[in-house]
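Q: I'd like to ask you about the structure that follows.
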Amino acid sequence: AANVYYDKDIDESVLRGKKIAILGYGSQGHSQAQNLRDSGFQVIIGVRPGKSWDKAARDGFDVKSVREAAEEADVVMMLLPDERQTQVYYQDVESGLKPGNAIGFSHGFNIHFSQIVPPDFVDVFLVAPKGPGHFCRREYLNGGGVPAFVGVQQDATGQAEALVFAYAKGLGAARAGVLKTTFKEETETDLFGEQAVLMGGLTHLIQAGFETLVEAGYQPENAYFETCHEMKMLTDLIYENGLTGMRYSCSDTAKFGDFTVGPYIIDKDTKARMKKVLEDIQAGKFARNWLLENKVGRPMFNALMEKESNSELERVGRKLRKLMPFVKEGKQDSEDITEN
Ligand code: NDP
Ligand code: MG
Ligand code: MG
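In full-length UniProt numbering, each residue's number is its place in the sequence shown (first place is 1) plus 1.
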């Protein structure tokens, strides 16, 4: 079983006195930069002129171009969108890396799939918070934290492991628990989770349930509540108390349906397809598709964004949520929307 590390297990002194450049000030960037600063570490921001630059400056940071920040820092954290990192790295980051420096990532994709190959004289580390950036920041301010996975791909200094744990502690992650992993494990399990379960599996389960009811003649509003709106309450209960705890709060009628019908909906064929999805991830097939899609200007991605956000489910949901003042519309700047 995996060891879980907490604040008391971690000595953060190796990161004290080091200058940390956070590249990107989006969902993870703004959260990691502010949490590290509040934990007493020295942080500068590297971004391009624009919205993120202005936001970081408003938050009181020393903001520089990516090139200058990478040049100046001892520790560089790559918090740009995964599909943009490679170009920015070779253009503006690589030349600033000096022996003994460290370069970090919050998702293993570009290192694991060899899109970025840092020089052998730097530490290469992973600190992957397991929650959206805005949630990580909120939890930190509340005195808590979001768990993180940490890993070391390359240990040039002999201190890479100490550094990565110190960084995770600075984020507040060790208040919640830090687990050791590898770039390979983090990349493959993260992609699998979002594709098969957390996003792809969930959104299409909701969608199929909603369509089944509407096509059978039930009111779309009713279908929305039964297949989408209630999901939050159930997942909150799962988050707090596990599947058994969620079932405890539901009727025995609901539980009987869960136990007997669930395996008919999600059956061994579903699981066989999940295995295929995992194999495609492991073989680099998904990564190649996504990198290619980006190379040609994202025609499929853009079309699907448009189509999925205009489905009947989404239209009914937008209307209903407006009528429910207790459902606070989440604050969604562009940097709020990404999940990882
Ligand atoms: P966002 O899309 O939220 O933020 C990207 C940031 O990069 C913005 O500040 C953007 O600035 C900047 N940027 C984009 N292109 C460039 C460029 N060419 N030059 C300089 N700056 C640029 O990214 P995320 O925070 O979602 O993701 C960052 C990393 O964290 C990824 O590796 C992701 O996998 C990982 N991760 C993300 C999580 C999340 O919570 N979203 C959770 C765990 C890991 P601008 O305003 O100028 O566009
Ligand atoms: Mg019900
Ligand atoms: Mg992800």
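For every residue, glycine included, the Cβ atom is placed at its ideal position computed from N, Cα and C.
Can you give, in chain order, each stretch of the alpha helix (DSSP H) that sits fully within the UniProt domain "KARI C-terminal knotted" (183-328) and has at least 4 residues?
A: 184-193, 201-216, 221-225, 232-249, 253-266, 269-283, 286-296, 300-310, 313-323
Q: Is any non-hydrogen atom of ligand 1 found closer than 7 Å to the C-beta of residue 1, if you look at the structure I gave you?
A: As displayed, the chain neither begins before 2 nor continues past 341, which places residue 1 out of reach and without an answer.
Q: Tell me whether LEU164 sits in a helix, a strand or coil according to DSSP, three-state version.
A: Locating residue 164 in the sequence shown gives position 163, where the first residue counts as 1. The answer is helix: DSSP assigns LEU164 an H, G or I state.
Q: Since I believe LYS185 is in contact with ASP8 (beta carbons under 8 Å), could you give me their beta-carbon distance rounded to a whole number of angstroms?
A: Taking the sequence shown and counting its residues from 1, the one referred to as residue 8 is at position 7. Taking the sequence shown and counting its residues from 1, the one referred to as residue 185 is at position 184. With a Cβ gap of about 28 Å, ASP8 and LYS185 do not count as contacting.
Q: Would DSSP call ASP124 helix, strand or coil?
A: The residue given as residue 124 occupies position 123 in the sequence shown. Three-state DSSP puts ASP124 in a strand.
Q: Helix, strand or coil: how does DSSP classify LYS65 here?
A: Numbered from its first residue, the sequence shown carries residue 65 at position 64. Here LYS65 sits in strand by DSSP.
Q: Give the DSSP bridge partners of GLY105, in chain order.
A: By 1-based counting over the sequence shown, the position of residue 105 is 104. According to DSSP, GLY105 bridges with MET78, PHE126.
Q: I believe LYS181 touches ASN4 by the beta-carbon criterion, under 8 Å. Please report the beta-carbon distance rounded to the nearest angstrom.
A: Within the sequence shown, residue 181 is the residue found at index 180, counting from 1. Within the sequence shown, residue 4 is the residue found at index 3, counting from 1. Going by Cβ atoms, the distance from LYS181 to ASN4 rounds to 7 Å, so yes, they are a contact pair.
Q: Counting only runs that start and end within the region 7-45, where is the beta strand (DSSP E) found for 3 or more residues in a row?
A: 20-24
Q: According to DSSP, simplified to helix, strand and coil, what is ALA157?
A: Counting from one through the sequence shown, the residue named residue 157 turns up at place 156. The three-state reading of DSSP puts ALA157 in coil, since its state is none of H, G, I, E or B.
Q: Return the first residue and the last residue of the alpha helix (DSSP H) that VAL89 is part of.
A: Taking the sequence shown and counting its residues from 1, one reaches residue 89 at position 88. Where VAL89 is concerned, the enclosing alpha helix (DSSP H) stretches over 83-89.
Q: Quick one: is the Cβ of ASP191 within less than 7 Å of any heavy atom of ligand 3?
A: As a position in the sequence shown, residue 191 is number 190, starting the count at 1. Result yes, Cβ under 7 Å from ligand 3.
Q: What does DSSP give as the partner residues of LEU180 in its beta bridges?
A: As a working mapping, residue 180 is identified with position 179 in the sequence shown. Looking at the DSSP assignment, LEU180 forms a beta bridge with VAL5, PHE150.
Q: Are ASP124 and THR158 closer than 8 Å when you measure CB to CB?
A: Taking the sequence shown and counting its residues from 1, one reaches residue 124 at position 123. Taking the sequence shown and counting its residues from 1, one reaches residue 158 at position 157. Cβ atoms of ASP124 and THR158: closer than 8 Å.
Q: Going by DSSP, what residue range makes up the alpha helix (DSSP H) through PHE136?
A: Mapped onto the sequence shown, residue 136 falls at position 135. Per DSSP, the continuous alpha helix (DSSP H) segment holding PHE136 begins and ends at 134-142.
Q: Can the beta-carbon of ILE21 be found closer than 8 Å to that of GLN43?
A: Position 20 of the sequence shown, counted from the first residue, corresponds to residue 21. Position 42 of the sequence shown, counted from the first residue, corresponds to residue 43. A contact, by the Cβ cut-off of 8 Å.
Q: Just mark ASP12 as buried or exposed, buried being the case when its beta carbon has 16 or more other beta carbons within 10 Å.
A: Counting from one through the sequence shown, the residue named residue 12 turns up at place 11. The residue is exposed, with fewer than 16 neighbouring Cβ atoms inside 10 Å.
Q: Any heavy atom of ligand 1 closer than 7 Å to the CB of VAL179?
A: Here the question's residue 179 lines up with position 178 in the sequence shown. Flag unset: Cβ of VAL179 not near ligand 1.
Q: Going along the chain, which residues of its own chain have a beta-carbon closer than 7 Å to the beta-carbon of GLY210, five neighbours each way excluded?
A: In the sequence shown, counting from the first residue as 1, residue 210 sits at position 209. If we look at GLY210 and ignore the five residues flanking it on each side, its Cβ neighbours are THR228.
Q: Count the other CB atoms, across all protein chains shown, that sit within 10 Å of the CB of PHE257; report buried if there are 16 or more and exposed otherwise.
A: Against the sequence shown, residue 257 aligns to sequence position 256. PHE257 is exposed by the Cβ-count criterion.
Q: For GLY97 and GLY18, I'd like the C-alpha separation in whole angstroms.
A: For this step, residue 97 is matched to residue 96 along the sequence shown. For this step, residue 18 is matched to residue 17 along the sequence shown. Cα to Cα, the separation comes out at about 19 Å.
Q: On a CA-only basis, which of PRO326, GLY27, ASP39 is nearest LYS52? Give me that one, please.
A: Stepping through the sequence shown from its first residue, residue 52 is reached at position 51. Among PRO326, GLY27, ASP39, the Cα nearest to that of LYS52 belongs to GLY27.
Q: Could you give the first and the last residue of the continuous alpha helix (DSSP H) run that contains ALA57?
A: As a first step, residue 57 is located in the sequence shown; it is residue number 56 there, counting from the start. Element bounds for ALA57: 52-59.
Q: Among all the DSSP beta bridges, which residues are the ones paired with GLY47?
A: Counting from 1 along the sequence shown, the entry for residue 47 is found at position 46. DSSP output for GLY47 lists LEU24, LYS65 as bridge partner(s).
Q: Apart from the five residues just before and just after GLN155, which ones in its own chain have a Cβ nearer than 8 Å to its Cβ?
A: Along the sequence shown, read from residue 1 onward, the residue named residue 155 stands at position 154. Excluding positions up to five away in sequence, the list reads PRO119, ASP121, VAL123, ASP124, VAL125, ALA161.
Q: In three-state terms, what does DSSP make of PHE114?
A: Indexing the sequence shown from 1 puts residue 114 at position 113. Here PHE114 sits in coil by DSSP.
Q: Go ahead and pull the three-state DSSP assignment for LYS99.
A: Looking up residue 99 in the sequence shown gives position 98. Reduced to three states, the DSSP call for LYS99 is coil.
Q: Closer than 7 Å to a non-hydrogen atom of ligand 3 - does that hold for the CB of GLU195?
A: Position 194 of the sequence shown, counted from the start, is the residue given in the question as residue 195. Under cutoff, so the answer is yes.
Q: Would you grab the beta carbon distance between GLY146 and ALA174 for me? Rounded to a whole angstrom, and I think it's under 8 Å.
A: As a working mapping, residue 146 is identified with position 145 in the sequence shown. As a working mapping, residue 174 is identified with position 173 in the sequence shown. A Cβ-Cβ separation of about 5 Å places GLY146 in contact with ALA174 under the 8 Å criterion.
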